[in-house]
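**Q** Just so you know, the protein sequences line up as chains A, B, C and D, in that order. Under the numbering used here, the residue at position 41 of the first sequence is numbered 59, and the numbers go up by one with no gaps. Under the numbering used here, the residue at position 107 of the second sequence is numbered 125, and the numbers go up by one with no gaps. Under the numbering used here, the residue at position 94 of the third sequence is numbered 112, and the numbers go up by one with no gaps. Under the numbering used here, the residue at position 182 of the fourth sequence is numbered 200, and the numbers go up by one with no gaps.
There are 4 protein chains.
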Amino acid sequence: MGKNRLEAFSDGVIAILITIMVLELKVPHSPDFGAMLPLWPVFMSYILSFVYIGIYWNNHHHLIHVVQEISGGVLWANLHWLFWLSLIPFVTAWMGENHFEAGPTAAYGFVLLMCAVAYALLAHALVFNHPKNATLAKAIGNDRKGKLSIALYLIGVVLSWFSAGMALLVYIAVSVMWLIPDRRIEGKVTEGIELEESAKRDAT
Amino acid sequence: MGKNRLEAFSDGVIAILITIMVLELKVPHSPDFGAMLPLWPVFMSYILSFVYIGIYWNNHHHLIHVVQEISGGVLWANLHWLFWLSLIPFVTAWMGENHFEAGPTAAYGFVLLMCAVAYALLAHALVFNHPKNATLAKAIGNDRKGKLSIALYLIGVVLSWFSAGMALLVYIAVSVMWLIPDRRIEGKVTEGIELEESAKRDAT
Amino acid sequence: MGKNRLEAFSDGVIAILITIMVLELKVPHSPDFGAMLPLWPVFMSYILSFVYIGIYWNNHHHLIHVVQEISGGVLWANLHWLFWLSLIPFVTAWMGENHFEAGPTAAYGFVLLMCAVAYALLAHALVFNHPKNATLAKAIGNDRKGKLSIALYLIGVVLSWFSAGMALLVYIAVSVMWLIPDRRIEGKVTEGIELEESAKRDAT
Amino acid sequence: MGKNRLEAFSDGVIAILITIMVLELKVPHSPDFGAMLPLWPVFMSYILSFVYIGIYWNNHHHLIHVVQEISGGVLWANLHWLFWLSLIPFVTAWMGENHFEAGPTAAYGFVLLMCAVAYALLAHALVFNHPKNATLAKAIGNDRKGKLSIALYLIGVVLSWFSAGMALLVYIAVSVMWLIPDRRIEGKVTEGIELEESAKRDAT
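1. Of the choices A:VAL85, A:PRO59 and A:ALA95, whose alpha-carbon is the least far from that of B:ILE73?
2. Excluding sequence positions up to five away, which residues of its chain have a Cβ less than 7 Å from the Cβ of C:VAL223?
3. For C:PHE146, does the count of other Cβ atoms within 10 angstroms reach 16, so buried, or fall short, so exposed?
4. Tell me which residues of the segment 99-114 of chain C have at least one Cβ-Cβ distance to chain B shorter than 8 Å, keeping chain order.
5. Consider the Cβ of C:PRO59: report whether some Cβ of chain B lies at a distance smaller than 7 Å.
6. Counting Cβ pairs closer than 8 Å, one from the segment 36-45 of chain A and one from the segment 34-49 of chain C, do we hit at least three?
7. Counting only C-beta atoms, is D:ILE32 closer than 7 Å to chain A at any point?
8. Under three-state DSSP, which class holds B:GLU42?
9. Might you give, ordered along the chain, the residues of its own chain that have their beta carbon closer than 7 Å to the beta carbon of A:SER28, omitting 5 neighbours on each side?
10. If you scan the segment 31-78 of chain A from start to end, which runs of the alpha helix (DSSP H) of 4 or more residues do you find wholly inside it?
11. Tell me whether the beta-carbon of A:ILE106 lies closer than 7 Å to the beta-carbon of A:SER67.
12. Chain D beta carbons: is any one of them nearer than 7 Å to that of C:LEU81?
13. Closer than 9 Å by beta-carbon distance: list the chain C residues that pair up with B:ALA141, in chain order.
14. Would A:ASN116 count as contacting chain B if we go by Cβ distances under 7 Å?
15. Between the Cα of B:ILE198 and the Cα atoms of B:ASN76, B:HIS47, B:ILE65 and B:LEU186, which residue gives the shortest distance?
16. If you count every other CB in all the chains shown that lies within 10 Å of the CB of A:ASN22, and 16 or more means buried, which is it?
17. Helix, strand or coil for D:ASN22, going by three-state DSSP, please let me know.
18. Near D:ASN160, which residues of its chain fall below 7 Å by C-beta distance, leaving aside the five closest residues on each side in sequence?
19. Is A:CYS133 closer than 7 Å to A:LEU103 when the C-beta atoms are compared?
20. Could you please give the first and the last residue of the uninterrupted alpha helix (DSSP H) stretch that includes B:PHE108?
21. From C:LEU186 to C:THR123, what does the alpha carbon distance come to, in whole angstroms?
22. For the alpha helix (DSSP H) that contains C:LYS9, what are its first and last residues?
23. Is any beta-carbon of chain B found at less than 7 Å from that of A:PHE68?
24. By DSSP's criteria, B:GLU87 is part of a beta bridge. Which residues make up the other side?
25. At a CB-CB cut-off below 8 Å, which residues of chain C make contact with B:ARG23?
26. Count the other CB atoms within 10 Å of the CB of C:TRP112; is the residue buried (16 or more) or exposed (fewer)?
27. DSSP three-state label for C:GLU198, please.
28. Which residue comes first and which comes last in the alpha helix (DSSP H) that contains A:GLY174?
29. What residues of chain D sit near A:TRP75, judged by a beta carbon separation below 7 Å?
30. If you drop the 5 nearest sequence neighbours on each side, which residues of the same chain put their C-beta closer than 6 Å to that of B:VAL31?
31. Is A:LEU127 helix, strand or coil by DSSP?
32. Ignore the nearest five residues each way along the sequence and tell me which others in D:ALA33's own chain have a CB closer than 6 Å to its CB.
33. Give the residues of chain C in contact with B:LEU97, contact being defined as C-beta atoms less than 7 Å apart.
34. Classify C:VAL92: buried if its beta carbon has 16 or more other beta carbons within 10 angstroms, exposed otherwise.
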């Protein structure tokens, strides 16, 4: 099975997820700007989730880019990841509507946690199916960022019960960590692709 | 008519279907985790339908993969199948909200049944239009799994009136049956594709 | 501007339109099958609109298939057509919820009418931009079906005020007219494409 | 990173945005045409936003068309632009439901303003990454239309507090300005593409 349809399907689901969150922004019935004020937690949740889904779309793109074939196992690892991603609009709305109270903030962190775990499983399924793909192995590396994120999400979930604001800061910190370009790794991948391509050329 | 736009359109509809189900997960207004508890049948229905739509997407991909041309009849067989698929979010929400009572559980099974029947019709329309495509014939084979599923859905619909829990177990069993990779058949298809491709090469 | 992105964008919008109509099927709160009964006009409207959007998707595909370049005018003619198409879910829901009363049934016919007019404008914009494309001219021909449809929609809109049931029958008849494959024309198009391609080959 | 997936993802998000606005057209419960009358501001807002999103889709297409590679910065500039675009359905519904009162009309203008600013940032990010792409530089030019739009949106936002009708006229005027084909610029771009292509041919 080629990877094109998997990419197209994932892109479709991600595009829908990032967009339907806006449907949870309930239009206030009053024309006063004051009616907008109580919506700030909803907007803030929306922005955070928008950034998270954007980061995942970007990372997913790079991950799938370096492989050619998709096995049945990878396909289901991908669907499993999309499943957890699909819960983001739900927990985003719950957290926003309840102004970052303990329960919803913990639930939000839990879904982020499961997204990260599912993404790690997807990466491992890919490595399992492409044991000789050096570019892929390098691209994933020891996945320090991924492991750190999982640890921070766990901390965030626990923190929610003591201070939801602190938990939120942890979630924001993780997203910032992913936003900062990691040029060293990106360089490695590019280099790896070139190496592989030159290896292919040599083989022909 | 090429198959690319049919694939893209089907993927689009399936991606939307699998995602809008999440809109039926009504956000509880209370921040308590207790408010989540009554939602478990809704979540369980969501997971089951997510898996079903995932299976169909996967199978549809393999089915269309082996043909090149799409006739008007196949196009409408495909739309007919998408129509029944589009009712899944509706019956999922009805079943989830009513905690697996007899009526909604039977309706859920009925829609699954019609999806399976429509899928079988689509497969037959493809065979009818590609009578000489050996790979396609092999891929579909005598379609034991498909026929068994239809029988099980029928049993599930009837069972709903006696025990909705048993009916649900039947639906889950069918999805598990499709999740287990059927390596023998997948092998056959791959082999068939290779045979056909080598036949093409010989012909040129 | 190439036609690929126009096709992809139109497919995306059409896939969403055909799917979000299902969101208007409000889930009944009661688990009784009796709760489904009052929904039959909603379901019937859904089926009719599903078929209509399916027909348009199919026709649009064939129309765009025979051209290569898209001008700014064609792009806006296409968006204008998508605009009227986007109102189908709205009038479908209004007609379904009000059990085919005069006003909503007339509004439904009016939107179908405008879709047909916008589609005819799109076809003319294409011909205007490809005056020498014989295949396109043949494919559109004198567009008897299109003109007949517009006349029938007009009759349907007027009929709605006397008998909504009769108006509905007119709308159904038009959809059936489009469902019946018009092999003579399809043959012409295929032939035309072959002619054009052979002409191109001769020119090179 | 190739531009195909960025184009596909942006198209997906834009197709969803332009379509979900129709979900904000709440179906009236009465079958009387009179029930439609109070909906005219909602319809008018819908049409205006439909045209705006159509213009952006068109412009985005032309902008991305002339580049080949997408850097991480461009990707995030694109997501930032999509973020502001995603708020259009929200402010459209708010403005429509409140019959063009001061607050919502100003908010609508503010979101249009931010879309234009984000689009300008995206264009600059592209130029920054393709300093030698003469076609891109020419295509963007001194971006008089873009700057004028930003100024007009600002005027519109301020005007809203004095006369929402006047502000609305300003927004409509900006959309008309973009709808009128700017043949001189389009000519330049086409010319530029030809120049570049001939330059490439010379280089080979």
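Ideal placement from N, C-alpha and C gives every residue a C-beta, glycine not left out.
**A** Considering the structure as presented:
1. A:ALA95
2. Outside the modelled stretch of chain C, which goes from 19 to 222, sits residue 223 of chain C, for which no answer is possible.
3. exposed
4. none
5. no
6. no
7. no
8. helix
9. HIS78, ASN96 and LEU100
10. none
11. yes
12. no
13. Residues of chain C passing the Cβ test: none, with the nearest at roughly 19 Å.
14. yes
15. B:ASN76
16. exposed
17. helix
18. none
19. yes
20. 106-115
21. 7 Å
22. The structure shown does not extend to residue 9 of chain C, since chain C spans only 19 to 222, so no value can be given for it.
23. no
24. B:GLY20
25. GLU25, ASP29 and HIS79
26. buried
27. The sequence as given places Ile at residue 198 of chain C; Glu does not occur at that position. If DSSP states are grouped into helix, strand and coil, C:ILE198 belongs with coil.
28. 162-178
29. PHE27
30. LEU100
31. The question names Leu, but residue 127 of chain A in the sequence shown is Gly. In this structure, A:GLY127 counts as helix in the three-state DSSP scheme.
32. none
33. GLY72
34. buried
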